[in-house]
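Protein chains: 4
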Amino acid sequence: MATKKKLNIGMIGRGFMAKAHSNAFRRVGNFFDLAYEPVLKTVCGTNEAGTKAFADSWGYESVATDWRRVVEDKNIDLVEICVPNNLHAEIAIAAAEAGKMIICEKPLARDAAEALTMTEAVEKAGVLNFVSFNYRRIPAVTLAKKLIDEGKLGKIFHYRANFLQDWTISADVPQGGKDTWRLDAKTAGSGVTGDLLAHCIDIALWQNGPITDINAMTETFVKERKSADTGKVEPVKIDDACTFFCRFANGSMGNFESTRYARGHKALFTFEINGEKASIKWDLHDLHRLQYFDHRDEGIVRGWRSIHVSDGDQPYMSHWWVPGLQIGYEHSFVHQVADFLEAAAKGENARPTFRDAYETSRVCDAILKSATDGQWVSL
Amino acid sequence: MATKKKLNIGMIGRGFMAKAHSNAFRRVGNFFDLAYEPVLKTVCGTNEAGTKAFADSWGYESVATDWRRVVEDKNIDLVEICVPNNLHAEIAIAAAEAGKMIICEKPLARDAAEALTMTEAVEKAGVLNFVSFNYRRIPAVTLAKKLIDEGKLGKIFHYRANFLQDWTISADVPQGGKDTWRLDAKTAGSGVTGDLLAHCIDIALWQNGPITDINAMTETFVKERKSADTGKVEPVKIDDACTFFCRFANGSMGNFESTRYARGHKALFTFEINGEKASIKWDLHDLHRLQYFDHRDEGIVRGWRSIHVSDGDQPYMSHWWVPGLQIGYEHSFVHQVADFLEAAAKGENARPTFRDAYETSRVCDAILKSATDGQWVSL
Amino acid sequence: MATKKKLNIGMIGRGFMAKAHSNAFRRVGNFFDLAYEPVLKTVCGTNEAGTKAFADSWGYESVATDWRRVVEDKNIDLVEICVPNNLHAEIAIAAAEAGKMIICEKPLARDAAEALTMTEAVEKAGVLNFVSFNYRRIPAVTLAKKLIDEGKLGKIFHYRANFLQDWTISADVPQGGKDTWRLDAKTAGSGVTGDLLAHCIDIALWQNGPITDINAMTETFVKERKSADTGKVEPVKIDDACTFFCRFANGSMGNFESTRYARGHKALFTFEINGEKASIKWDLHDLHRLQYFDHRDEGIVRGWRSIHVSDGDQPYMSHWWVPGLQIGYEHSFVHQVADFLEAAAKGENARPTFRDAYETSRVCDAILKSATDGQWVSL
Amino acid sequence: MATKKKLNIGMIGRGFMAKAHSNAFRRVGNFFDLAYEPVLKTVCGTNEAGTKAFADSWGYESVATDWRRVVEDKNIDLVEICVPNNLHAEIAIAAAEAGKMIICEKPLARDAAEALTMTEAVEKAGVLNFVSFNYRRIPAVTLAKKLIDEGKLGKIFHYRANFLQDWTISADVPQGGKDTWRLDAKTAGSGVTGDLLAHCIDIALWQNGPITDINAMTETFVKERKSADTGKVEPVKIDDACTFFCRFANGSMGNFESTRYARGHKALFTFEINGEKASIKWDLHDLHRLQYFDHRDEGIVRGWRSIHVSDGDQPYMSHWWVPGLQIGYEHSFVHQVADFLEAAAKGENARPTFRDAYETSRVCDAILKSATDGQWVSL
């Protein structure tokens, strides 16, 4: 086995996403044969004790409490940004200027303007950059993309996606703070639009091409919540729920919805694509399956096929176990790290880049503008 | 057994819906103990031979080729209108003036103005009137309504419905004529909005109350089709697909969609309602099941329940077979006839009446206006 | 329309099955164009008032309280036997001797010896005869048979079926009497074996050919129940549950099970057939769907297809509604009457005949003998 | 964070299971806070280059080609046995005599006699011992056990399980050799009985208690296969398929089946348990869901619940991601390692031990004896 080139990672953040990314780096080498060997060099968090514990648990060699130290560290090759959205831009721009490769959690920024600044920074610096829209790399989702690209669906008429959750129904859930910053507009930028619809949009643009026109509505069901930062009851400024329809450049119609008030759905991310010849459906709650209907099948035995995506000839699955044995959520992060490192070894970007994510941000901005103005917005 | 009062029926039309309604009248007395005994007196169609064959098949005592003869016939108690939409108004108004009870196929009319004229006519005449939005009386759908009315869902946040078909994807399907008049705007009034969304809206208004504001888009994928009437290629003026979102008076958000271009779906009518405490889903393709999620269930065993609606304590089912044995599409017509006759015996209207259907027409008009104008429409 | 030949029916029994059969005769002419027109001539029951009410409800012209009167009636062409199992033989033999066509509810008899006497009687008399194993004519089941006959599955390795119910779990359910005679061995012959497994076996023999060897176990969970006849607590002599495995003549293995103690299953009749090239599954609780897996499908999109059996090119469905709209349990009876009458018009038997049902009875006897003796039984 | 005690692991084998176990040791410390820190010390395989590559990939410190070297190594605390079945006994007994903790892949041995020798060896030596029946620790399966133990099901009537695969249908699949030793009776001991039914039995004994009597049949569909060892066509001596029914000590009936000839099923391991009050179903192909039916639910909303086992209050899930995000097959190995290490830290065995697995072997022997003799076998 050839000696691998070490890639030193500086992780900014130690929350849920930092855990998912650290796990991906720890595991990727066991399952993918890559030129790069990722090394968990430094993890950075504001609470030193908690950061130390995270480092011990995941095997980081050192800890930092100031992200600037990580960005400036000559030994760091790749900066991972896993902190709340309001901190993405400053860190990413500094890391770009320091010449680091960057992987940033989604959404790239709080809005498109912020995203554009970041995109221009990485492009100017010429550094490899990537945004963690991890669901592209669920094998069933990747398979869907492959089927579309092969032309199996023919002309597309409809694209539907939604992302439904139910965790903020109680008015007792606070906003702000460490665990509920996603309800605080200052930190998050928006509510379900940036947090959840951004996933749907990233995949939709990738699978179905550009969106040209959007019409949206949003709702904030719980108007006031206690702030975990100030302790006071304050107006809620994020969108609790958002629905929009749109036109794609390829002539198809889109229908999207997201909410955190859909009782019974923990993280129901689904999409369905109807083409002239075939249709596809997918659902994060059973992420290892793809539903496929092919009109070319013989009429009397035509039906939706439930494809158990666990065979070696299906995307990524040859790296894992044997047919019939499913993988889970976290593997999407392993796959994206594998693809990132494989591209990086060739000096190339894996997708989605910051620019790709900026396009998603533009769509998110258009959604929010349309909802505010009550009219169509063109992109 | 007490002697039943005969109710003489005059059926206008001999197509698919006339078959469904005739079947309902033939069967209802075998399964429901009613004061009225429906008698298939006359069926009316323009083609005499075809109408005669229909009469023989279903046991109608006589045939007519002019609907006015039926409406004017002293022996007819109830006029059934099962002809294309453009003929509803004239027949219904004449039947009302003749003092007949009326059951009209949906949509009531081609637009709300026409529907209002009809509604005023039946109300002025004081005749019993009913519109055949049959899906209300699928037992699982009726059960859903019951659960909502009992308060099991609590405050409603989201109402979603769609009606997806795939039968007009081919550009070779003509418009107009006997079998494809639903593609001809002059006859049908609109496309999927009046034909399919009207079902969704009827049930939504019944389950979730009034809609206050609507925003819609429509699309006509195949722009020209040959006319089965003229033999010439003509512009298609109906909506092939329609998506809209809306606000209900109870504060919930609505998301609706219909199309005839969703490959793989023959007649996928679904609705989902998310409440604070519980959620409900239903799907016409498995019409005998209701999906129910109750957040009050113990956490570790909480999940969507797939309820096989076939027990005697569930709506209508005590009239049929035994638990576990499902009924089908046509039974919804039997149920509505049973309810109509039961109410009629008391001199009352079953629901939905013409006025209820007029409200649905108003929503349909608002949808089409919003789609045309590209902006919100208030009701 | 040619004048149809009337076929006068004498119905023996007025219970659940008499209702299903009467409904079938009433409806078949509306949906199938047949040479025969069935006429509901006489219904026979021991309770005169109840029988009169049944006659009124279903339109029988007259009632009888002694089945011999029906059998001897010159005006009766077809005798329908819808009474408890212990009465089948005497009635059928008398009807055969009187030269009547006979349709007998399943199981044909309480055991094979009794079934053989009946079979020999109808064959000697040369009368048309049929046993109501109605599930053969659920469209999805008929489609399964068609796929097997076309060779789509290739060599068969496994045949599995079960019929699970949960209605006798309570020890308070009595045995004997009008509603629970199925728990009384004297009347029923056996428990789940004759009542439920007989359905599984009928279809298995039809789809997969003869069974050569059987090994079975049975269980009676509730050992004593009150008799609805005597009012006394008496030992339960039927099989509450039965499992068997077997070999088919074609080399495949069979695995069958039935019980009335499977909490959560009302009438879960399922079968699954695994062949070299394809597999099939079906489930009575969703009787309008067939599951089909074809190994010849392209690998990456291979999966179980959920076929919504509602299209005009699928068995029987062209007679009903339109694609996507499901039919139910009772339609299987309409289909078997249609097939019976169509064959009868040619002087032929539809299947299964008494002899076919005798073969099923032989398998049931072998099951019970194997369970008693604790060893394999060859057929 | 307290310093953890290192536990040095010697892995015998470098195949599929060695990969699953190595992954578990690598990951467990990131997700579970344990007193022990597992150290991948040595991996042993007969092919030195391949073993070296495996060691590099997984981070083993050294390699060996003779398992005796590992067993005798003073630095090794725990011996992991991940080699074909015929090698288990000799290695396990030597490891026991050397005082090592042992984790052995399932089945423990080729037959019960061999399993007993191993069990006596570990018990005599007093070493911690464990057999890798990993499916016990799929969270949904563990939850099922918890529900049974809480009494939610009440008295059990039926226990059903099967394990269906389709990978040996082609007669071109060889027997013996590195990849297909599971088809060679000398190496594997038996076919589906030891390989697949052993999983079903392990879980059944754990969930439902002892089996007292068994009746089985087996089949070998492909009678001869080329040997990957000798290159010659030789008789196949394993069971390709096996069905058995049984009685449990608690009075319930069991029905089990396994095959490698069930087209369409890659690894369909399912169980279903029917109790007086509730029932449970599970399926490895959707391993993150548990189906639960509770008869105590209100009648009109009673149905099978599909529980998405991904919440923090469900077994093991608090260690992973957030509700709605599923884990996969491999996590069962992480959980068993966590439980093993937690028990080991207290000097205790986790379950199943060698003795537990010996009980499973006794059942497997009884199955095969019953199939050979064609009669019931008591345990």
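Protein chains in written order, with our numbering: chain H, 143 to 521; chain R, 143 to 521; chain L, 143 to 521; chain X, 143 to 521.
Note that the Cβ used here is the ideal one computed from N, Cα and C, for glycine as well.
Going by DSSP, name the residue or residues bridged to residue i.
{"i": "H300 of chain L", "result": "L:M395, L:N416"}
{"i": "F305 of chain L", "result": "L:S400, L:F411"}
{"i": "N271 of chain R", "result": "R:I244"}
{"i": "E222 of chain X", "result": "X:M153, X:I245"}
{"i": "P180 of chain R", "result": "R:L149"}
{"i": "R431 of chain L", "result": "L:H450"}
{"i": "D425 of chain L", "result": "L:T412"}
{"i": "C388 of chain R", "result": "R:I356, R:G396"}
{"i": "T372 of chain R", "result": "Note: T372 of chain R sits in no beta bridge, so no partner."}
{"i": "C186 of chain L", "result": "L:I154, L:A206"}
Can you give me the C-alpha to C-alpha distance between residue i and residue j, rounded to a whole angstrom?
{"i": "S332 of chain R", "j": "G241 of chain H", "result": "60 Å"}
{"i": "L483 of chain L", "j": "G489 of chain L", "result": "9 Å"}
{"i": "W209 of chain H", "j": "H230 of chain H", "result": "11 Å"}
{"i": "E222 of chain R", "j": "T207 of chain R", "result": "15 Å"}
{"i": "A197 of chain L", "j": "F275 of chain R", "result": "33 Å"}
{"i": "A487 of chain R", "j": "Y178 of chain R", "result": "7 Å"}
{"i": "I509 of chain X", "j": "R169 of chain H", "result": "41 Å"}
{"i": "H427 of chain H", "j": "M260 of chain X", "result": "43 Å"}
{"i": "L306 of chain X", "j": "F299 of chain L", "result": "12 Å"}
{"i": "A160 of chain R", "j": "F386 of chain L", "result": "49 Å"}
{"i": "I151 of chain X", "j": "L182 of chain X", "result": "5 Å"}
{"i": "S394 of chain H", "j": "K511 of chain R", "result": "21 Å"}
Between the options, which lies nearest to residue i when the distance is taken from Cα to Cα?
{"i": "S448 of chain L", "options": "L:H461, L:G441, L:Y434", "result": "L:Y434"}
{"i": "R493 of chain H", "options": "H:V476, H:L270, H:A487, H:E418", "result": "H:L270"}
{"i": "N357 of chain R", "options": "H:M153, H:A513, H:G187, H:A166", "result": "H:A513"}
{"i": "L347 of chain R", "options": "R:F475, R:R278, R:K511, R:F158", "result": "R:R278"}
{"i": "Y403 of chain H", "options": "R:R405, R:H437, R:A409, R:G454", "result": "R:H437"}
{"i": "F411 of chain R", "options": "R:D381, R:H450, R:A340", "result": "R:A340"}
Please report the residue range of the alpha helix (DSSP H) in which residue i lies.
{"i": "I235 of chain H", "result": "230 to 239"}
{"i": "V170 of chain X", "result": "158 to 173"}
{"i": "G376 of chain R", "result": "Looking at the sequence shown, residue 376 of chain R is not Gly but Glu. Counting along the chain, E376 of chain R falls outside any alpha helix (DSSP H), though it belongs to the beta strand (DSSP E) covering 375 to 377."}
{"i": "K328 of chain X", "result": "327 to 330"}
Check whether the Cβ atoms of residue i and residue j lie closer than 9 Å to each other.
{"i": "F272 of chain R", "j": "N416 of chain R", "result": "no"}
{"i": "V264 of chain H", "j": "A234 of chain H", "result": "yes"}
{"i": "L325 of chain R", "j": "G318 of chain R", "result": "yes"}
{"i": "T502 of chain L", "j": "L338 of chain L", "result": "no"}
{"i": "L285 of chain R", "j": "A420 of chain R", "result": "no"}
{"i": "S474 of chain R", "j": "N172 of chain L", "result": "no"}
{"i": "Q517 of chain L", "j": "G516 of chain X", "result": "yes"}
{"i": "M153 of chain X", "j": "T184 of chain X", "result": "yes"}
{"i": "D219 of chain X", "j": "L176 of chain X", "result": "no"}
{"i": "V479 of chain L", "j": "A254 of chain L", "result": "no"}
Quick one: give me the first and last residue of the beta strand (DSSP E) that residue i is part of.
{"i": "I356 of chain X", "result": "353 to 361"}
{"i": "K194 of chain L", "result": "No beta strand (DSSP E) holds K194 of chain L; the alpha helix (DSSP H) holding it covers 190 to 200."}
{"i": "S312 of chain H", "result": "Element bounds for S312 of chain H: n/a, residue is neither H nor E."}
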